[in-house]
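Undergrad:
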Amino acid sequence: MVDEIRQRLIAALAPVELDVLDEGHKHAGHANAGKGHFHVRMVSAAFTGMLPVKRHRMVYAALDDLMNDGIHALSIDAKAP
Numbered sequence: 008m009v010d011e012i013r014q015r016l017i018a019a020l021a022p023v024e025l026d027v028l029d030e031g032h033k034h035a036g037h038a039n040a041g042k043g044h045f046h047v048r049m050v051s052a053a054f055t056g057m058l059p060v061k062r063h064r065m066v067y068a069a070l071d072d073l074m075n076d077g078i079h080a081l082s083i084d085a086k087a088p
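Next up, the structure:
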């Protein structure tokens with residue numbers, strides 16, 4: 008899943024920096040524990056002039072169907088260069 012997330016974000020937003028971390032292990036004992044908890048940290052020129060909510064929407068759009076099938080929780084740190 009990490010590779011799929013990376014590929015989609017690279018294709019859609021051409022980040023200059025990108026980290027995708029699987030954080031499922033941090034959610035042991037929670038509902039859907041161990042499944043689909045991710046953190047994305049990225050820097051992309053596509054985010055220039057965008058408010059954080061718009062940046063998050065762009066990430067969600069790039070991940071599209073994964074948000075309903077594969078990703079249970081996603082935290083995002085999206086910045087412009």
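Sequential numbering from 8 applies to the sequence shown in my numbering.
All C-beta atoms in this analysis are idealised placements derived from N, C-alpha and C, irrespective of residue type, glycine included.
What you are looking at is a predicted structure, and each value in this text was computed from that prediction instead of being measured.
(1) For the beta strand (DSSP E) holding L25, just list the boundary residues, first then last.
(2) What span of residues does the alpha helix (DSSP H) with D10 cover, start to end?
(3) Considering just the uninterrupted stretch of the alpha helix (DSSP H) at A69, what are its terminal residues?
(4) What's the call for A40, buried or exposed, on a 16-neighbour Cβ count within 10 Å?
(5) Does G41 come out as helix, strand or coil in the three-state DSSP assignment?
(6) I want to know whether the stretch 21–33 touches the stretch 59–75 - three or more CB-CB distances under 8 Å.
TA: Straight from the coordinates:
(1) Along the sequence shown, read from residue 1 onward, the residue named residue 25 stands at position 18. 24–29 is the span of the beta strand (DSSP E), which, as asked, contains L25.
(2) Position 3 of the sequence shown holds residue 10. 9–20 is the extent of the alpha helix (DSSP H) around D10.
(3) Mapped onto the sequence shown, residue 69 falls at position 62. In the DSSP assignment, A69 falls within the alpha helix (DSSP H) that extends over 59–70.
(4) Stepping through the sequence shown from its first residue, residue 40 is reached at position 33. No answer about A40 holds up, because its pLDDT of 49 lies below 50 and its placement is not dependable.
(5) Against the sequence shown, residue 41 aligns to sequence position 34. Model confidence at G41 stands at a pLDDT of 45, short of 50, so the residue's coordinates are unreliable; what they give is reported in the following sentence. It is coil, neither helix nor strand.
(6) They do not touch, by the three-pair rule.
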